[in-house]
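Line order of the protein sequences matches chains A and B. Residue 1 is where the first sequence starts when you use full-length UniProt numbering, and the numbers rise one by one after that. Residue 1 is where the second sequence starts when you use full-length UniProt numbering, and the numbers rise one by one after that. Single-structure report; data block below.
There are 2 protein chains.
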Amino acid sequence: MDNDCRRCPVRSVSLFGDLPDEVVFQLDNPSEHLNLPASHLLYREGAPASAAFTLKEGVIKLTRTAVNGRDQILRLLTQGDVLGAEGLMGHTYNHTATTLTPVQICRLPLPVLKQLQAAHPTLNHALLARWALALQQVENLALELGTKKASERLAAFLLYWYARNGHYPSMPLPLSRTETGELLGLTVETVSRFFADWKRRGYLSEKTGIIHLHDLTALKNLSGLENFDETAGH
Amino acid sequence: MDNDCRRCPVRSVSLFGDLPDEVVFQLDNPSEHLNLPASHLLYREGAPASAAFTLKEGVIKLTRTAVNGRDQILRLLTQGDVLGAEGLMGHTYNHTATTLTPVQICRLPLPVLKQLQAAHPTLNHALLARWALALQQVENLALELGTKKASERLAAFLLYWYARNGHYPSMPLPLSRTETGELLGLTVETVSRFFADWKRRGYLSEKTGIIHLHDLTALKNLSGLENFDETAGH
DNA sequence: CGTACAATTGAAAGCTCTCAAGCGTTGTGG
DNA sequence: CCACAACGCTTGAGAGCTTTCAATTGTACG
Numbered sequence: 001m002d003n004d005c006r007r008c009p010v011r012s013v014s015l016f017g018d019l020p021d022e023v024v025f026q027l028d029n030p031s032e033h034l035n036l037p038a039s040h041l042l043y044r045e046g047a048p049a050s051a052a053f054t055l056k057e058g059v060i061k062l063t064r065t066a067v068n069g070r071d072q073i074l075r076l077l078t079q080g081d082v083l084g085a086e087g088l089m090g091h092t093y094n095h096t097a098t099t100l101t102p103v104q105i106c107r108l109p110l111p112v113l114k115q116l117q118a119a120h121p122t123l124n125h126a127l128l129a130r131w132a133l134a135l136q137q138v139e140n141l142a143l144e145l146g147t148k149k150a151s152e153r154l155a156a157f158l159l160y161w162y163a164r165n166g167h168y169p170s171m172p173l174p175l176s177r178t179e180t181g182e183l184l185g186l187t188v189e190t191v192s193r194f195f196a197d198w199k200r201r202g203y204l205s206e207k208t209g210i211i212h213l214h215d216l217t218a219l220k221n222l223s224g225l226e227n228f229d230e231t232a233g234h
Numbered sequence: 001m002d003n004d005c006r007r008c009p010v011r012s013v014s015l016f017g018d019l020p021d022e023v024v025f026q027l028d029n030p031s032e033h034l035n036l037p038a039s040h041l042l043y044r045e046g047a048p049a050s051a052a053f054t055l056k057e058g059v060i061k062l063t064r065t066a067v068n069g070r071d072q073i074l075r076l077l078t079q080g081d082v083l084g085a086e087g088l089m090g091h092t093y094n095h096t097a098t099t100l101t102p103v104q105i106c107r108l109p110l111p112v113l114k115q116l117q118a119a120h121p122t123l124n125h126a127l128l129a130r131w132a133l134a135l136q137q138v139e140n141l142a143l144e145l146g147t148k149k150a151s152e153r154l155a156a157f158l159l160y161w162y163a164r165n166g167h168y169p170s171m172p173l174p175l176s177r178t179e180t181g182e183l184l185g186l187t188v189e190t191v192s193r194f195f196a197d198w199k200r201r202g203y204l205s206e207k208t209g210i211i212h213l214h215d216l217t218a219l220k221n222l223s224g225l226e227n228f229d230e231t232a233g234h
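The structure is reproduced here in C-alpha cells:
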C-alpha cells in the first residue's frame, strides 16, 4: 500500500490540497493509515476526541442517539470526507462513527492538526468549507425529515445517493433497511414495503447490495412532486 | 442609539470579540445599524449574498422551502448570532431570513468581512466556532425530527426555548402556531391541540405571546421519556 | 445443513393530517 | 365607539399514513 501522503489519492479533495509537499510529507506515518472492516465502530458520541480522520475509501455513517434510545444517521461520508474534526472546538466527538463498508482512513492526531492550523492559515479556509458543506447536508436532511412523507423521503434519498455516486443507474447501497430507516426517520418495515412496491412496479431492482434504478422519472415524481399539480393551482 | 461598534453590547459574544478596538472602530458606519419591525424579510434563499449580519436584539428565523412548497424553520437566531455568513463561501444565501420580533441588526458587507478575515486569522476561529455551533443546532433538529413523535418534539422545543431564554418559567414565544409547526414538522392543528391539552392539564399557560411553564417535570417527561420505563427493561 | 440475522408481509392499532366549521382577537373604517 | 373584516387559533370528525406486533421467508456464514 502506498502510504506517502503526498501521493494520497484524495489529497486534492481533502483538507491539505493547498499545503506544500514538504509539509504534507511530515504528516506521513505508516501507523496512521488504517484499514478497517465493515461495521467497525470508529469512535463514540461523547468520547474524548483524540484525532480527526480523512476517509480515503469506503462509506462511514455518523449517528446520534436520542434520549428515547432511537438512532438517527446524520451524515453519510464517502471518499475525501473528514470526520472527527469537531474535536478541534470541543473536546469530545459529536457523533458515533461506524463503517458501513471496509474503509481506508487516515488518522490525524488533533495536536498535529492544531499545529498545522496555526502555521498554515489556508487550512482554516479548508476547514470552514468542510463545515459549511456539512451544515448544508444536515440542513437538507432536516428539510426532508420535516416536510416530506415516507415515500418522498426514500425516493429523494435514492436519487441523492445516485447523484453522489456518479449518476450511474447501478450503485452500491451499503445501508441495511434498518439503517435506511434510521437515516429517514422510518421503521424497517416501512422502508421494506416501499422497496418491495417499487420493485414490483419496475422502478428499481436489487442484487446483493447493488441497486439498479430503472425509472428515474418515476422516482423523481415520488420524491416530493407527487401532489404537486394539486398544489400548483394556487 | 449608540452605534459605536466598540461599545456594541453583543461584541464580546459576537465575531469580533478578539479583534482590537481600533479595528472594530473602523467597522463603524451608522448606516449599517438597522432597526427592523417584526415579520420583515431580510433576505431570501438563493439570492446573491452581499452582506452578513449580527443580531443585536430580537429573534430571526432561518427557513428553507421544500420542493413541495412546505417551509421548514432550520434555526432560530437570538442576540449575538450571526447570519448570512455563508455568502463568504458560496455566493448566495442558503436560507430565507425573516424577523419574528422587532430586531436591531448590524450589517457587515461581505467584502469588508473578507478583508478582515485575511488580516486577522483569529476571526477564522470565531467563524469556525459559529459554524460548529450552527451545525450542532441543526443536527439536534434533525435528531428531533427523525426520532420523536409530535408531543415529544413540542415539549422538547419548549424546554429548549426555556433554557435558551435564561431558565425563567415565563418566556416570550415569538412563533405562531403555524411557525411552531414549521419548525417541528407538524401542522398547525397538531400544535394547537397539544398546547390546548397541556393548558387544560395545567402544565403551562399563555398570555399574548408569553408562555408560563408551570410543570417542567411533566414537560420533561413528555419530551421523549414517555415510554422510557418500558424500553428501559431491555 | 443448520443457525442467525435481515428482509418481507399481513393485520390491526395509533398517530397525524386533512377538511370543515366555529371562536377569539386585533385593527380599521364608518 | 361600535361593527366588521381579517387572521390566527381552536375543535371535531374522518381519512390516511406509519407504526407496532407477529409470523414467515430469504440469505449469508460457519
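Don't be surprised by glycine CBs; every beta carbon is placed ideally from N, CA and C.
Element boundaries [alpha helix (DSSP H), containing residue 153 (chain A)] = For the purposes of this step, residue 153 (chain A) is taken as the residue at position 153 of the first sequence. Start and end: 150-164.
task = Say whether chain B places a C-beta atom closer than 8 Å to the C-beta of residue 136 (chain A).
result = What you label residue 136 (chain A) is simply residue 136 of the first sequence in a count that begins at 1. With 8 Å as the cut-off, residue 136 (chain A) counts as an interface residue toward chain B.
request  = Could you name the residues that DSSP lists as bridge partners for residue 172 (chain B)?
outcome  = The residue you call residue 172 (chain B) lines up with position 172 of the second sequence. Note: residue 172 (chain B) sits in a beta bridge opposite B:210.
request  = Report the rounded CA-to-CA distance for residue 55 (chain A) versus residue 33 (chain A), giving the unit in angstroms.
outcome  = Within the first sequence, the letter at position 55 stands for residue 55 (chain A). Within the first sequence, the letter at position 33 stands for residue 33 (chain A). Within the model, the alpha-carbon separation for residue 55 (chain A) versus residue 33 (chain A) is close to 10 Å.
request  = Identify whether residue 215 (chain B) lies in helix, strand or coil by the three-state DSSP scheme.
outcome  = Here residue 215 (chain B) is taken as the residue at index 215 of the second sequence, counted from 1. DSSP places residue 215 (chain B) in coil when its eight states are reduced to three.
ask   = How is residue 106 (chain A) classed by DSSP in three states: helix, strand or coil?
value = Residue numbering aside, residue 106 (chain A) sits at position 106 when the first sequence is read from its first letter. Judged by DSSP in its simplified three-state form, residue 106 (chain A) adopts strand.
inquiry  = Below 8 Å on C-beta distance, what does residue 64 (chain A) contact in chain B?
reply    = Within the first sequence, the letter at position 64 stands for residue 64 (chain A). In chain order: 139, 143.
message = So residue 38 (chain B) and residue 122 (chain B) are supposed to be a Cβ contact under 8 Å. How far apart are they, rounded?
response = Looking up residue 38 (chain B) in the second sequence gives position 38. Looking up residue 122 (chain B) in the second sequence gives position 122. Between residue 38 (chain B) and residue 122 (chain B) the beta-carbon gap is near 35 Å, outside 8 Å, which marks them as no contact.
ask   = Using a beta-carbon distance cut-off of less than 8 Å, what residues from the stretch 96-120 of chain A approach chain B?
value = For the stretch 96-120 of chain A, the set of residues with a beta-carbon nearer than 8 Å to any beta-carbon of chain B is empty.
Residue 15 (chain A) vs residue 126 (chain A) beta-carbon contact at 8 Å = Taking the first sequence and counting its residues from 1, the one referred to as residue 15 (chain A) is at position 15. Taking the first sequence and counting its residues from 1, the one referred to as residue 126 (chain A) is at position 126. Contact: yes.
key: Spatial neighbours of residue 202 (chain B) in its chain, beta-carbon cut-off 8 Å, leaving aside the 5 residues before and after   = The residue given as residue 202 (chain B) occupies position 202 in the second sequence. So the qualifying residues of the chain are 214, 215.
ask   = Quick one: what's got a C-beta closer than 7 Å to residue 9 (chain A)'s C-beta in the same chain, skipping five residues either side?
value = For the purposes of this step, residue 9 (chain A) is identified with residue 9 of the first sequence, where counting begins at 1. The beta carbon of residue 9 (chain A) is closer than 7 Å to those of 56 in its chain, skipping five residues each way along the sequence.
task = Determine the chain B residues that contact residue 147 (chain A) at a beta-carbon separation under 8 Å, and present them in chain order.
result = In the first sequence, residue 147 (chain A) corresponds to position 147, counting from 1. 66, 68, 70, 71, 72, 185, listed in chain order.
query = With a CB to CB cut of under 8 Å and the five nearest residues on each side skipped, what residues in its chain are close to residue 74 (chain A)?
reply = Residue mapping note: residue 74 (chain A) aligns to position 74 of the first sequence, counting from 1. Listed in chain order, the non-local C-beta contacts of residue 74 (chain A) below 8 Å within the same chain comprise 62, 63, 64, 95, 138, 141, local neighbours out to five positions each way being set aside.
inquiry  = Distance check for residue 107 (chain A) and residue 200 (chain A), CA to CA, integer angstroms please.
reply    = The count along the first sequence starts at 1 and reaches residue 200 (chain A) at position 200. The count along the first sequence starts at 1 and reaches residue 107 (chain A) at position 107. Looking at the two C-alpha atoms, the distance is approximately 44 Å.
query = At which residues does the beta strand (DSSP E) containing residue 85 (chain A) begin and terminate?
reply = On the first sequence, residue 85 (chain A) is found 85 positions in, with the first residue counted as 1. Boundaries cannot be given for residue 85 (chain A), as no beta strand (DSSP E) includes it and DSSP labels it neither H nor E.
query = Terminal residues of the continuous beta strand (DSSP E) containing residue 75 (chain A)?
reply = Within the first sequence, the letter at position 75 stands for residue 75 (chain A). For residue 75 (chain A), the enclosing beta strand (DSSP E) has its first and last residue at 71-77.
inquiry  = The alpha helix (DSSP H) that contains residue 200 (chain B), what's its start and end?
reply    = Walking along the second sequence from the start, residue 200 (chain B) turns up at place 200. For residue 200 (chain B), the enclosing alpha helix (DSSP H) begins and ends at 188-200.
task = Output the distance between the C-alpha atoms of residue 170 (chain A) and residue 161 (chain A), rounded to the nearest integer angstrom.
result = Within the first sequence, the letter at position 170 stands for residue 170 (chain A). Within the first sequence, the letter at position 161 stands for residue 161 (chain A). If I take the Cα positions, the gap works out to 11 Å.
task = Could you round the C-beta distance between residue 104 (chain B) and residue 166 (chain B) to whole angstroms and report it? I think they count as a contact, below 8 Å.
result = Taking the first residue of the second sequence as position 1, residue 104 (chain B) is located at position 104. Taking the first residue of the second sequence as position 1, residue 166 (chain B) is located at position 166. Contact annotation, residue 104 (chain B) with residue 166 (chain B): C-beta distance approximately 19 Å; criterion of less than 8 Å not satisfied.
request  = Classify residue 60 (chain B) as buried or exposed, calling it buried when 16 or more other Cβ atoms lie within 10 Å of its own Cβ.
outcome  = Your numbering for residue 60 (chain B) matches position 60 in the second sequence. Buried, since its Cβ has 16 or more Cβ neighbours within 10 Å.
inquiry  = To the nearest angstrom, how far is the alpha carbon of residue 116 (chain A) from that of residue 83 (chain B)?
reply    = Residue numbering aside, residue 116 (chain A) sits at position 116 when the first sequence is read from its first letter. Residue numbering aside, residue 83 (chain B) sits at position 83 when the second sequence is read from its first letter. Roughly 28 Å between the two C-alpha positions.
task = Compare the C-beta of residue 161 (chain A) with all C-beta atoms of chain B and state if any pair is closer than 8 Å.
result = For the purposes of this step, residue 161 (chain A) is identified with residue 161 of the first sequence, where counting begins at 1. So no, residue 161 (chain A) is outside the interface.
inquiry  = Strictly below 9 Å CB to CB, what residues from chain B border residue 51 (chain A)?
reply    = Residue mapping note: residue 51 (chain A) aligns to position 51 of the first sequence, counting from 1. Listed along chain B, no residue sits closer than 9 Å to residue 51 (chain A) by beta-carbon distance, the nearest being about 17 Å off.
message = Below 7 Å on C-beta distance, what does residue 127 (chain A) contact in chain B?
response = The residue labelled residue 127 (chain A) in the question sits at position 127 within the first sequence. Within chain B, the residues 128 have their CB atoms less than 7 Å from the CB of residue 127 (chain A), given in chain order.
query = Can you tell me whether residue 26 (chain B) is buried or exposed, with buried defined as 16 or more other CB within 10 angstroms of its CB?
reply = Mapped onto the second sequence, residue 26 (chain B) falls at position 26. Exposed.
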